[in-house]
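Novice: In my numbering, the protein residues as written are 34 to 539.
My questions all concern the structure below.
As structure tokens, this is what we get:
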């Protein structure tokens, strides 16, 4: 493992690195890639780190169950070989630390400079690049994107008669655009071009990106929308997307260990973590390639993503963002629809003020989380190289929430009740979460279980006869109810503060 304590004097060292850096990809290749190094930390910080490492927590604290857990034990439990963490406090990186191995069964450790796939965390970083162009009047948030697209156009649709697809809609997932996400391309698969992805043409393995509902009417997560944004930036700047992002965002934020290059260049392979399946087996070919760069293609480190988050924190509090004006930074964190801003997920207090902003990421073999709290300038980034790393990351964030007294992410206390098999059987069935995604509810013994795509079965504990919760928060709390109109049972799920009613298959 490797620990790093951060100090403002390091700014000058980083600046010097940028002056000397002339490579096409913004990566400091001189940094160590093997061995274990430990920097000195002050005793109080050492104790704080130890409390976090030994204080991982489930989402729900239940009487009589062991609660606090060690990070090493949880890595083994989830078959996650490597983890890297950066912790933000007072709008600076207070400490960062890496754990485990780049690949299971190998000796090469994860170090602070190890690259991970950011997955969907690529989106808010890419959004900052688009907003950079908005501020220079090369793009407009509220103009039909077809006016600026040159090499591809959003196909016409009956849903576009009154409203058009705009950059604001794409960045906030409110443009009515299809395709939730992407599985990427294995090492032995042919990689499509971006326009093939947009049209769903072979060798693309995803559906065409199209508009199937009126823009602005509903929030629906769309990686496809970010592919449109990627093409928009390429057409407007006439620059390859990785180069544009390197020059206009990554370099300005001193994200020296980050690149949108896909596939990852050969000279960076030894710097990168290998992705792992839920059983702990490495992904064939080490990882998948994502030509959907804006949606899922960023390779980076927790320290670099922490710098990105700190730039937003500073911009919100009157300081220099480094890329955007304070006004545009505020727009980025202003709700557009369903607690989502321009590239970022948001949470708000009862008075409407923003409490936190952040994003998660899920690629094949990689899971990550980042969150920040504007009022305190605190937050964290956790990156993992395992398919079950999302649950591990959330446990780490809860430990940090307790240690740093965050306003969110702390576990809640609940006392489960026991229900009869007759009651539980009422809720068994398959429920439509969204097109192509089904949640199956099963009854086994005196418990309900939720079967979610790409996850192990999740135990649901009963809070009362109709409300259930998952111990580790793998899925939101659910409630079953009788729909008066259809006469069917529906499952009500709280997603980001918005209640969604999921219909059961007949």
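For every residue, glycine included, the Cβ atom is placed at its ideal position computed from N, Cα and C.
Since the model is a prediction, treat every value here as computed from it, not as a measurement.
Buried or exposed for residue 353, going by 16 or more other Cβ atoms inside 10 Å?
Specialist: The residue labelled residue 353 in the question sits at position 320 within the chain shown. By the neighbour-count rule (16 or more Cβ atoms within 10 Å), residue 353 is not buried but exposed.
Novice: To the nearest whole angstrom, what separates the beta carbons of residue 493 and residue 511, a pair I think is in contact under 8 Å?
Specialist: Working through the chain shown from its first residue, we reach residue 493 at position 460. Working through the chain shown from its first residue, we reach residue 511 at position 478. Confirmed, Cβ separation roughly 7 Å.
Novice: So, residue 154 versus residue 331, is the Cβ gap smaller than 8 Å?
Specialist: Along the chain shown, one-based indexing puts residue 154 at 121. Along the chain shown, one-based indexing puts residue 331 at 298. Contact: yes.
Novice: Is the distance from the Cβ of residue 333 to the Cβ of residue 389 below 8 Å?
Specialist: Translated into the one-based positions of the chain shown, residue 333 becomes position 300. Translated into the one-based positions of the chain shown, residue 389 becomes position 356. Result no, Cβ atoms of residue 333 and residue 389 do not sit closer than 8 Å.
Novice: What did DSSP end up calling residue 532 once you bin it into helix, strand or coil?
Specialist: Counted from its first residue, the chain shown places residue 532 at position 499. Three-state DSSP puts residue 532 in a strand.
Novice: Find the nearest neighbour of residue 307 within the set 121, 448, 323, 115, judged by alpha-carbon distance.
Specialist: By one-based count along the chain shown, residue 307 stands at place 274. Residue 115 is the option with its Cα nearest to residue 307.
Novice: Just grab the DSSP bridge partners of residue 391 for me.
Specialist: Reading the chain shown from its first residue, position 358 is the one you call residue 391. DSSP lists 378, 404 as partners of residue 391.
Novice: Which stretch, first to last residue, makes up the alpha helix (DSSP H) that contains residue 344?
Specialist: Here residue 344 is taken as the residue at index 311 of the chain shown, counted from 1. Looking at the DSSP string, the run of the alpha helix (DSSP H) that includes residue 344 is 335-349.
Novice: Who does residue 527 pair with in a DSSP beta bridge?
Specialist: Taking the first residue of the chain shown as 1, we reach residue 527 at position 494. Answer by DSSP bridge pairing, in chain order: 532.
Novice: In chain order, what residues of the same chain lie with their CB nearer than 6 Å to the CB of residue 394, ignoring the 5 residues before and after it?
Specialist: As a working mapping, residue 394 is identified with position 361 in the chain shown. So the qualifying residues of the chain are 151, 152, 153, 154, 401.
Novice: From which residue to which residue does the alpha helix (DSSP H) around residue 455 run?
Specialist: The residue you call residue 455 lines up with position 422 of the chain shown. Note, residue 455: alpha helix (DSSP H), 454-458.
Novice: For the structure I just gave you, are there three or more beta carbon pairs, one from the stretch 176-190 and one from the stretch 253-268, closer than 8 Å?
Specialist: Touching, yes.
Novice: Residue 148 bridges to which residues according to DSSP?
Specialist: Here residue 148 corresponds to residue number 115 of the chain shown, with the count starting at 1. Answer is 305.
Novice: Out of 363, 235, 340, 534, which has the shortest C-alpha to C-alpha gap to residue 126?
Specialist: For the purposes of this step, residue 126 is identified with residue 93 of the chain shown, where counting begins at 1. If we check each option's Cα against that of residue 126, 340 comes out closest.
Novice: For residue 477, report the span of its beta strand (DSSP E) as first-last.
Specialist: Within the chain shown, numbered from 1, the residue matching residue 477 stands at position 444. First-last of the beta strand (DSSP E) with residue 477: 470-477.
Novice: Within the continuous beta strand (DSSP E) that includes residue 117, where are the two ends?
Specialist: The residue you call residue 117 lines up with position 84 of the chain shown. Looking at the DSSP string, the run of the beta strand (DSSP E) that includes residue 117 is 115-122.
Novice: Going by the beta-carbon positions, is the gap between residue 370 and residue 466 smaller than 8 Å?
Specialist: In the chain shown, counting from the first residue as 1, residue 370 sits at position 337. In the chain shown, counting from the first residue as 1, residue 466 sits at position 433. No. Outside cutoff.
Novice: Taking the Cβ atom as the reference point for each residue, do residue 431 and residue 443 lie within a distance shorter than 8 Å?
Specialist: By 1-based counting over the chain shown, the position of residue 431 is 398. By 1-based counting over the chain shown, the position of residue 443 is 410. Result yes, Cβ atoms of residue 431 and residue 443 sit closer than 8 Å.
Novice: Between the stretch 410-418 and the stretch 117-134, can you find at least three pairs of beta-carbon atoms closer than 8 Å?
Specialist: With the cut-off at 8 Å, the stretch 117-134 and the stretch 410-418 touch.
Novice: Roughly how many whole angstroms lie between the Cα atoms of residue 207 and residue 83?
Specialist: For this step, residue 207 is matched to residue 174 along the chain shown. For this step, residue 83 is matched to residue 50 along the chain shown. Near 42 Å, if we compare the C-alpha coordinates of residue 83 and residue 207.
Novice: Could you tell me which whole alpha helix (DSSP H) segments of length 4 or greater appear in the stretch 209-286?
Specialist: The stretch 209-286 contains these whole alpha helix (DSSP H) runs: 227-232, 256-270, 274-278.
Novice: Please say whether residue 137 and residue 336 have beta carbons closer to each other than 8 Å?
Specialist: Counting from one through the chain shown, the residue named residue 336 turns up at place 303. Counting from one through the chain shown, the residue named residue 137 turns up at place 104. No.
Novice: Considering only the alpha carbon of each residue, which of 246, 250, 257, 216 lies closest to residue 232?
Specialist: For the purposes of this step, residue 232 is identified with residue 199 of the chain shown, where counting begins at 1. Closest by alpha carbon: 257.
Novice: Three Cβ pairs or more, each shorter than 8 Å: is that satisfied between the stretch 159-166 and the stretch 305-322?
Specialist: Output reads no: the stretch 305-322 does not touch the stretch 159-166.
Novice: If you compare alpha carbons, which of 145, 468, 200, 141 is closest to residue 264?
Specialist: The residue you call residue 264 lines up with position 231 of the chain shown. Out of 145, 468, 200, 141, 200 has the C-alpha closest to the C-alpha of residue 264.
Novice: With DSSP run on the structure shown, which of helix, strand or coil describes residue 87?
Specialist: The residue given as residue 87 occupies position 54 in the chain shown. Three-state DSSP puts residue 87 in coil, outside helix and strand.
Novice: Which class does residue 467 belong to by DSSP, given the choice of helix, strand or coil?
Specialist: Start at 1 with the first residue of the chain shown, and residue 467 comes out as number 434. Looking at residue 467 - three-state DSSP - the assignment turns out to be strand.
Novice: Which whole-angstrom value describes the C-beta separation of residue 463 and residue 502, a residue pair presumed to lie in contact below a C-beta threshold of 8 Å?
Specialist: As a position in the chain shown, residue 463 is number 430, starting the count at 1. As a position in the chain shown, residue 502 is number 469, starting the count at 1. Not a contact, Cβ separation roughly 20 Å.
Novice: I want to know whether the stretch 202-221 touches the stretch 233-246 - three or more CB-CB distances under 8 Å.
Specialist: Touching, per the Cβ criterion.
Novice: Can you grab the Cα-Cα spacing for the pair residue 522 / residue 172, in whole Å?
Specialist: Position 489 of the chain shown, counted from the first residue, corresponds to residue 522. Position 139 of the chain shown, counted from the first residue, corresponds to residue 172. Distance between the alpha carbons of residue 522 and residue 172 is about 46 Å.
Novice: By the 10 Å Cβ neighbour count, where 16 or more other Cβ atoms means buried, how is residue 478 classified, buried or exposed?
Specialist: As a first step, residue 478 must be located in the chain shown, where it is residue number 445. Its Cβ having fewer than 16 others within 10 Å, residue 478 is exposed.
Novice: Give me the Cα-Cα distance between residue 436 and residue 95, rounded to the nearest whole angstrom.
Specialist: For the purposes of this step, residue 436 is taken as residue 403 along the chain shown, with counting starting at 1. For the purposes of this step, residue 95 is taken as residue 62 along the chain shown, with counting starting at 1. Distance between the alpha carbons of residue 436 and residue 95 is about 20 Å.
Novice: Tell whether a beta-carbon distance below 8 Å holds between residue 398 and residue 378.
Specialist: The sequence position of residue 398 within the chain shown is 365, counting from 1. The sequence position of residue 378 within the chain shown is 345, counting from 1. Taking 8 Å as the Cβ cut-off, residue 398 and residue 378 do not qualify as a contacting pair.
Novice: By Cβ distance below 7 Å, which residues in the same chain neighbour residue 310 in space, the five residues on each side in sequence not counted?
Specialist: In the chain shown, counting from the first residue as 1, residue 310 sits at position 277. Within the same chain, residue 310 has close Cβ partners 316, 398, 420.
Novice: So what does DSSP say about residue 183, is it helix, strand or coil?
Specialist: As a first step, residue 183 is located in the chain shown; it is residue number 150 there, counting from the start. DSSP places residue 183 in coil when its eight states are reduced to three.
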